[in-house]
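Protein chains: 2
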Amino acid sequence: MFIGVDLGGTNIVVGLVNTEGELMESLSLPTGRERGFEAVTQDIIKLARQLMTSDVAKTDPVQGVGIGIPGIADPETGVVISCVNLFWENVPLRSVLEAGLSLPVFIDNDATLAGLAEYELGVMKGVKSGVFLTLGTGVGGGVIMDHQVISGKHGIGSEVGHMVVGDSDVRCNCGRKGCLETFASSTAIIAYAKKHLSDHPESILHEKIEGNLDKIDGRLIFDAAKAGDDFAMQAVRRFAHYLAIGIINIVAVIDPEMFVLGGGIAGAGEFLLEIVKEEMEKEKYFRSVPVGKLCLAKLKNDAGVLGGAFLAKSRLKEQ
Amino acid sequence: MFIGVDLGGTNIVVGLVNTEGELMESLSLPTGRERGFEAVTQDIIKLARQLMTSDVAKTDPVQGVGIGIPGIADPETGVVISCVNLFWENVPLRSVLEAGLSLPVFIDNDATLAGLAEYELGVMKGVKSGVFLTLGTGVGGGVIMDHQVISGKHGIGSEVGHMVVGDSDVRCNCGRKGCLETFASSTAIIAYAKKHLSDHPESILHEKIEGNLDKIDGRLIFDAAKAGDDFAMQAVRRFAHYLAIGIINIVAVIDPEMFVLGGGIAGAGEFLLEIVKEEMEKEKYFRSVPVGKLCLAKLKNDAGVLGGAFLAKSRLKEQ
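What follows is the structure, encoded as structure tokens:
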């Protein structure tokens, strides 16, 4: 049995997962991030302890804990380097949890672990190498090869949102310009639509937002594009164009078997998928050679907890 | 014992390499690429057969053959998809060599295999994951993780020269714009210097080329930059800037332990290395987190043959 923890800005979810990847039981609490590192970790320990002593864990004891964080951790020390959402910087998450639980603890990025869950149980099941991209307010990623997440030597791999894919005027949260995240996130497509909508009086978006630019969101833009609105389609096409460059950049490094789109924007479904596929065809550097298949994520809310459990499983197996 | 083959546009080099990676014997012939696929492969078979029957191979027989090609091959079929230099397209290299040698044959890109040699015997020895970049007329690459080259599902991984790193007016050989190769190759820096030299009458390059723009080459530009020429330094800085973006893009995917620069331009040595390191510092997306160490390649001419032998060794071990 393994424990997976999904630590978000809003909720802490802790789940008990068996070796087959079935979620047996789960508990959750509001994160209450304003309470700080100590209080949040004590809550994680409390929930995990409760699951460790539950009936199902008696016949098959918990072997390890995997936790997904909205940030990055040093793979060697288990120190969380940065979790902007939680106001954490350089906090010793692994050592505190290991002391409180007397179990080995493994930490990785939440998007990366959602990718691992898709790899083990979702759309990437049976695939050798795959890359998961979460398209939300930012762009997160999970590179998985041979059942291992690739977070790299310093814990900053699988951060595909920070690949530079073109020139841009928009500055990324990281301080640079041109990051994939500044083109292919909901933040980016909304900013683009807000900036250029006034040049397109014919767009149906004007009617939808009733003159209030702040009403523009990702769904509205994608829905308008589906309904045939030229300006919205232009915004979606630009989004897909840069996303395709990012995907082909990943091909140029590891040429994986599959790419998977998740996160809020992936809710646009097959419509988005087809446009990104078209753009990928244009961006291929060897015209005649196929690249990895593009798919939509399959798992929903439990992906974080399941990914945490699979992280613990794969790391313990490696040791 | 393994056989490594370095198949270039000019020469075919075939070497006998022992399990420790020592080159025991080698033979070579001019490629004579105008003779076509059949004649070239028959020469490879002839040289390999000669080494297989040599005295050193008697006590420790050859187990397999690894060949580096200036192009890409389908990892499943062993068909060479494209070798522009040799005028090859869709030729069944593996099956022809396997039939002629009665040994398992493994094919990969020449730059990728030079990277594998650096990983096993050169500057990356002892490193878990590393990326080799050859800076020549183009930009080639070798991504190596856990002793395996990462050429991917379709044989087009490790092609880091085709990552898009910015906007560009220059079209890459692949048909796209913005590829790393169009910024950080000798071709690119020469084209940049030729285009802008007339705007810089103060540059010492004018004197060096005696009015003939065709005399500009990579070495001349780097030497002028070292000597303090502002315009040449501007060209070198631009080269290093985009190379650093490419390197950090690789970090965002796999965050390897080391990056290694090889190829003609790497002859600029520590001078180039220091400038690229400065640019990498500027491009880091997590300021406080270190990225992989940047080093110069160590192996010289034999890297291709040695890499071929290590490819055969690692693939046979995997089977």
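Same order as they appear, the protein sequences are chains A and B. Just so we're aligned: the first sequence equals residues 1 to 319 in this note's numbering. Just so we're aligned: the second sequence equals residues 320 to 638 in this note's numbering. Don't be surprised by glycine CBs; every beta carbon is placed ideally from N, CA and C.
For a cutoff of 7 Å on Cβ pairs, would you count residue i as touching chain A?
i	result
B/Met482	yes
B/Ala554	no
B/Val624	no
B/Asp486	yes
B/Gly312	There is simply no residue 312 of chain B to check, as chain B begins at 320 and stops at 638 in what is shown.
B/Glu402	Here residue 402 of chain B turns out to be Cys, not Glu, going by the sequence shown. False, the Cβ-Cβ gap to chain A never drops below 7 Å.
B/Gly476	yes
B/Ile364	no
B/Ile469	yes
Quick check on this structure: which residue in the options has the alpha carbon closest to the alpha carbon of residue i?
i	options	result
B/Gln523	B/Ser414, B/Ala551 and B/Ala587	One detail in the question is off: residue 523 of chain B reads as Ile in this sequence, not Gln. Per the Cα distances, B/Ala551.
A/Gly78	A/Asn85, A/Pro61, A/Val96 and A/Gln63	A/Val96
B/Gly387	B/Pro349, B/Asp393, B/Ile364 and B/Ala433	B/Ala433
B/Ile639	B/Val375, B/Asp536 and B/Leu326	Any property of residue 639 of chain B remains undetermined from this structure, which presents chain B solely from 320 to 638.
B/Pro389	B/Ser607, B/Thr329 and B/Ala376	B/Thr329
B/Met464	B/Asp488, B/Gly474 and B/Leu435	B/Leu435
A/His154	B/Glu353, B/Lys603 and B/His515	B/Lys603
A/Val13	A/Phe37, A/Leu311 and A/Lys46	A/Lys46
A/Leu220	A/His196, A/Asp199, A/Ile189 and A/Gly246	A/Ile189
A/Asp108	A/Val80, A/Gly100, A/Pro92 and A/Asp302	A/Val80
A/Ile3	A/Tyr192, A/Ala39 and A/Gly304	A/Gly304
A/Glu274	A/Gly246, A/Asp302 and A/His241	A/His241
B/Glu521	B/Ile566, B/Gly547, B/Lys534 and B/Asn531	B/Gly547
A/Leu294	A/Thr137, A/Arg237, A/Leu243 and A/Leu27	A/Leu243
B/Val403	B/Thr431, B/Lys514, B/Ile564 and B/Cys493	B/Cys493
A/Gly141	B/Asp574, B/Glu529 and B/Val336	B/Asp574
A/Gly308	A/Gln319, A/Glu76 and A/Gln63	A/Gln63
A/Pro61	A/Glu207, A/Leu103 and A/Lys215	A/Leu103
B/Asp429	B/Leu346, B/Leu532, B/Asn620 and B/Gly588	B/Asn620
A/Ile247	A/Lys282, A/Tyr119 and A/Asp74	A/Lys282
A/Gly263	A/Thr187, A/Val56 and A/Asp74	A/Thr187
B/Gln638	B/Val424, B/Thr378 and B/Ala392	B/Val424
Whole-angstrom Cβ separation of residue i and residue j, contact assumed at under 8 Å?
i	j	result
B/Leu440	B/Leu625	6 Å
A/Leu7	A/Gly15	That pair is no contact at about 12 Å.
A/Phe132	A/Val291	Between A/Val291 and A/Phe132 the Cβ distance is about 16 Å, and since that is not below 8 Å, they are no contact.
A/Phe183	A/Phe239	7 Å
A/Leu180	A/Val160	6 Å
B/Met599	A/Ala252	Not a contact, Cβ separation roughly 19 Å.
B/Ser373	B/Glu576	No, B/Ser373 and B/Glu576 are not in contact; Cβ-Cβ is about 37 Å, not under 8 Å.
A/Phe222	A/Phe271	7 Å
B/Ala631	B/Val359	That belief does not hold up - the Cβ atoms of B/Ala631 and B/Val359 are roughly 20 Å apart, past 8 Å.
B/Ile475	A/Val289	5 Å
B/Arg352	B/Phe406	7 Å
A/Ser168	A/Gly152	That belief does not hold up - the Cβ atoms of A/Ser168 and A/Gly152 are roughly 25 Å apart, past 8 Å.
A/Val170	A/Ala191	7 Å
B/Ser633	B/Gln369	Their Cβ separation, rounded to whole angstroms, is 25 Å, which puts B/Ser633 and B/Gln369 out of contact at 8 Å.
A/Val5	A/Ile44	6 Å
A/Val139	A/Ser185	5 Å
A/Ile268	A/Ala235	As written in the sequence, residue 268 of chain A is Ala, which differs from the Ile given in the question. Wrong, their Cβ atoms sit about 12 Å apart, outside the cutoff.
Starting from the beta carbon of residue i, find every residue of chain A whose beta carbon is closer than 7 Å, and list them in chain order.
i	result
B/Asn568	Met163, Val164 and Asn249
Any beta-carbon of chain B closer than 7 Å to the one on residue i?
i	result
A/Gly262	no
A/Gly218	no
A/Ile67	no
A/Ile3	no
A/Ile245	yes
Would you please verify whether the beta carbon of residue i is less than 7 Å from any beta carbon of chain E?
i	result
B/Asp548	Among the protein chains in the structure shown, which are A and B, there is no chain E.
Under 8 Å between beta-carbons, which chain B residues line up against residue i? List them in chain order, please.
i	result
A/Lys153	Lys447, Ser448, Asp574, Pro575, Glu576 and Gly611
A/Val143	Val572 and Ile573
A/Ile72	Phe605 and Val608
What does residue i reach in chain A if we use C-beta pairs closer than 8 Å?
i	result
B/Val479	Ala252 and Val253
B/Ser633	The contacting residues do not exist; B/Ser633 stays about 14 Å from chain A at best.
Listing by chain order, which chain B residues have their CB less than 7 Å from the CB of residue i?
i	result
A/Gly178	Gly485
Identify the contact partners of residue i in chain A, using a Cβ-Cβ distance below 9 Å as the criterion.
i	result
B/Cys493	Lys284, Tyr285, Phe286 and Arg287
| Members of the region 263 to 289 of chain A that neighbour chain B once the beta carbon cut-off is set at 9 Å | Lys282, Glu283, Lys284, Tyr285, Phe286, Arg287, Ser288 and Val289
| said: Residues of the region 519 to 535 of chain B in Cβ contact with chain A at a cutoff of 8 Å, in chain order, please. | reply: none
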